[in-house]
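In what follows, a structure is listed as structure tokens, so that the remarks can point back to it.
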Amino acid sequence: MEQIRAIIEANRERFLAEFGELLGFPSEDGNAAGLTGAADWVSERLQRLGARVQRLSTGDGPPVIFGEVGAGPRSLLSYSHYDVQPADPLELWESPPYTPTVRDGKLYARGAVDDKGDTVARIHAVEVYRAAYGELPLRLKFFVEGEEEVGSPHLAPLAARYADLIRADGAIWEGGGFDDAERYTFYCGVKGIAYFELRAHGAAYDLHSGYAPMAPNPAWRLVHALATLKDAQDNITVDGLMAHVRPPTEAERAYIRRIPFDGAKMKANWGIPAFINDMSDEDALTRFLTAPTCTICGVRGGFIDEGEKTILPSSALVKLDFRLVPDLTPELVTRLLREHLDRRGFSDIEIKGFVGMVGARSDMMAPVVQTAIAAARTTYGHEPVVYPSHGGSGPMHTLVQGVGTPGGIITGVCYPGMRMHAPNENIRLDDYFRHIEFLVEFIKRFAV
Ligand SMILES: [Zn+2]
634 MEQIRAIIEA NRERFLAEFG ELLGFPSEDG NAAGLTGAAD WVSERLQRLG ARVQRLSTGD
694 GPPVIFGEVG AGPRSLLSYS HYDVQPADPL ELWESPPYTP TVRDGKLYAR GAVDDKGDTV
754 ARIHAVEVYR AAYGELPLRL KFFVEGEEEV GSPHLAPLAA RYADLIRADG AIWEGGGFDD
814 AERYTFYCGV KGIAYFELRA HGAAYDLHSG YAPMAPNPAW RLVHALATLK DAQDNITVDG
874 LMAHVRPPTE AERAYIRRIP FDGAKMKANW GIPAFINDMS DEDALTRFLT APTCTICGVR
934 GGFIDEGEKT ILPSSALVKL DFRLVPDLTP ELVTRLLREH LDRRGFSDIE IKGFVGMVGA
994 RSDMMAPVVQ TAIAAARTTY GHEPVVYPSH GGSGPMHTLV QGVGTPGGII TGVCYPGMRM
1054 HAPNENIRLD DYFRHIEFLV EFIKRFAV
């Protein structure tokens, strides 16, 4: 540990300068020069690391920079991205977003935590590892994409075409970091998502509501259909859907019990008296991390302005999202939803599906998970907080489980004050350098 710290210390200024170089590119969607500059920088930097670099693409859009370093029986995929969220509103930045500036031990720039910090820390970790121990004892595959902030539209075709190249014995994803009590936290999966628009039609135009005894009302139609999707106890009642949901494993339950979770504080924040069904904190957290959802995101139809207007609407629309757990794919949910509605006589209700994502969850006993726990313990000096899954959705499955890689973890350089996607995005420099230590320890342990 001392030796690793000394190597990092000796390179500190150069590492910071290099990090600053990548942060200087305004690699926002639509800024071709910024995106090309960042892609070229990553490509050139990986080449200097000795990586065999290639540009992967399936047509238009910024390329994926793929580079492999090291040798050994095991391989590790590193997923990160060089594109960033737009920096606006610019007037709220205390220093220009693409002029990296250090204040109070924090480096301010767009992309500092999301996600150039992860990208450069992993490059620097390779250098530090080599200086301490010699050549990397595993094959580290850098996959640095340029379309994450616009939903990674080419990830699925890329994964299909380059599956053999991408496949590894484990993966490290972006995100993760310190929680508000300074505990190092990582996630072993993400939920998937399926998003739908359901539409019911009535008369060709809005009618006088006096015709309600004889003309069908699409708003009522939608209400009746929606009421069959979930019961009053919040159970999803779409035919066959819950049969595809694995209950949490004993190991997942054990890790969930160790997650510090203050339900009372959350309820106070949200201004709600209780969780659904007055469930306990442990049940709420378990459900949050491991259960699928069926959520009415919004409803539209007829007259909803101030005052009154007696009409019978001609159509009604609802937006629905389903957060998905592994095994419950968007395609499967689309089919189950259609069949469920048809079986109940709702064939007239139109379903429009949006591009979805498959969920991913690593086995808690997978080498990549257990290695990360051990490395975090050594580096940060405390037991890390390990979430079996994130409550949100992400495309991990496409590049990890989907190509046959057994597991991935979300680990990175986040902290609560980072202002990700907001003005004054920043990274704590101590976190950056400690994360390099963590990665070196992780590589050392994962290689054997
Ligand atoms: Zn990101």
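Residue numbers for the sequence shown, in the working numbering: 634 to 1081. In this text, a Cβ means the ideal position worked out from N, Cα and C, and glycines have one as well.
Considering only the alpha carbon of each residue, which of the options lies closest to residue i?
| i | options | result |
| --- | --- | --- |
| Gly843 | Arg886, Leu945, Lys774 and Trp853 | Leu945 |
| Val612 | Ala643, Pro925 and Leu918 | Nothing can be reported for residue 612, as the shown portion of the chain is limited to 634 through 1081. |
| Leu831 | Ala917, Thr928 and Val783 | Thr928 |
| Gly1050 | Arg681, Val717, Pro770 and Glu815 | Glu815 |
| Glu883 | Gly935, Arg1052 and Pro1021 | Pro1021 |
| Glu651 | Ile640, Arg638 and Trp674 | Trp674 |
| Gly1027 | Leu862, Val783, Pro770 and Tyr741 | Val783 |
| Arg743 | Gly1041, Thr1044, Glu1058 and Lys863 | Glu1058 |
| Met1029 | Leu710, Arg647 and Leu679 | Leu710 |
| Leu798 | Val878, Met847 and Thr1038 | Thr1038 |
| Glu642 | Asp1063, Gly1014, Val697 and Leu771 | Asp1063 |
| Pro696 | Gly1014, Trp903, Leu788 and Ser980 | Leu788 |
| Asp802 | Ile1042, Arg1052 and Leu922 | Ile1042 |
| Glu635 | Gly705, Ala765 and Gly692 | Ala765 |
| Pro706 | Leu769, Pro722 and Ala901 | Leu769 |
| Met875 | Pro849, Gln680, Phe955 and His841 | Phe955 |
| Lys952 | Lys985, Asp981 and Tyr1013 | Lys985 |
| Ile1060 | Leu965, Ala754, His841 and Ala917 | Ala754 |
| Asp693 | Asp981, Arg647, Glu780 and Pro881 | Glu780 |
| Pro893 | Leu725, Phe987 and Val1019 | Val1019 |
| Arg688 | Ser676, Ile805 and Leu682 | Ser676 |
| Gly825 | Leu922, Ala949 and Thr691 | Leu922 |
Taking the alpha-carbon positions, what's the residue i to residue j distance?
| i | j | result |
| --- | --- | --- |
| Phe776 | Pro1000 | 20 Å |
| Lys749 | Ala837 | 53 Å |
| Pro604 | Thr919 | With the chain running from 634 to 1081 in the structure shown, residue 604 is simply not present. |
| Thr1011 | Asp662 | 39 Å |
| Val1081 | Ala684 | 21 Å |
| Phe908 | Phe699 | 45 Å |
| Ile756 | Lys898 | 39 Å |
| Arg1067 | Pro790 | 36 Å |
| Glu983 | Gly935 | 18 Å |
| Ser947 | Trp853 | 11 Å |
| Ala865 | Leu859 | 12 Å |
| Ala666 | Phe658 | 8 Å |
| Val932 | Ala671 | 42 Å |
| Phe1075 | Glu760 | 14 Å |
| Leu969 | Ser708 | 38 Å |
| Tyr1048 | Glu939 | 43 Å |
| Leu649 | Thr967 | 48 Å |
| Ala887 | Thr861 | 34 Å |
| Leu1003 | Cys821 | In the sequence on display, residue 1003 carries Gln and not Leu. Their backbone Cα atoms lie some 10 Å apart in a straight line. |
| Pro786 | Asp867 | 33 Å |
| Arg645 | Phe1071 | 16 Å |
| Leu668 | Val717 | 9 Å |
| Pro963 | Gly1025 | 15 Å |
| Leu771 | Tyr712 | 16 Å |
| Ser660 | Asp839 | 47 Å |
| Glu701 | Leu773 | 6 Å |
| Gly653 | Arg879 | 45 Å |
| Leu855 | Lys863 | 13 Å |
| Thr943 | Ile937 | 11 Å |
| Ala1055 | Asp914 | 30 Å |
| Leu961 | Ile640 | 46 Å |
| Met912 | Leu957 | 21 Å |
| Ala745 | Gly767 | 29 Å |
| Lys900 | Arg891 | 20 Å |
| His1015 | Ala1009 | 7 Å |
| Val686 | Arg800 | 16 Å |
| Leu656 | Pro730 | 9 Å |
| Asp751 | Ser980 | 48 Å |
| Met997 | Ala949 | 44 Å |
| Glu724 | Tyr1065 | 27 Å |
| Pro849 | Gly835 | 6 Å |
Is residue i close to chain B? Criterion is C-beta to C-beta, closer than 7 Å.
| i | result |
| --- | --- |
| Lys942 | In the structure shown, chain B does not exist; there is a single protein chain. |
(message) Taking 6 Å as the limit, name every residue whose beta carbon sits nearer than that to some heavy atom of ligand 1, in sequence order.
(response) His714, Asp747, Asp748, Glu781 and Glu807
(message) For the structure I just gave you, are there three or more beta carbon pairs, one from the region 732 to 740 and one from the region 803 to 811, closer than 8 Å?
(response) no
(message) Three Cβ pairs or more, each shorter than 8 Å: is that satisfied between the region 990 to 1007 and the region 1029 to 1036?
(response) yes
(request) Can you check the region 933 to 1013 for any alpha helix (DSSP H) of at least 4 residues that lies completely inside it and give the ranges in chain order? (result) 963 to 976 and 1000 to 1013
(message) Suppose only complete runs of 3+ residues qualify. What are the beta strand (DSSP E) ranges in the region 707 to 780, listed by chain order?
(response) 708 to 714, 734 to 736, 739 to 741 and 772 to 778
(request) Decide yes or no for the touch test of the region 956 to 976 against the region 781 to 799: beta carbon pairs closer than 8 Å, at least 3 of them. (result) no
(request) Only counting runs of 4 or more residues, tell me where the alpha helix (DSSP H) segments fall wholly within the region 850 to 890, in order along the chain. (result) 851 to 860 and 883 to 890
(message) At 4 residues or longer, what runs of the alpha helix (DSSP H) sit wholly inside the region 643 to 689?
(response) 665 to 681
(message) Ignoring anything shorter than 3 residues, give me the beta strand (DSSP E) runs that lie fully in the region 804 to 836, in order along the chain.
(response) 804 to 806, 817 to 820 and 825 to 834
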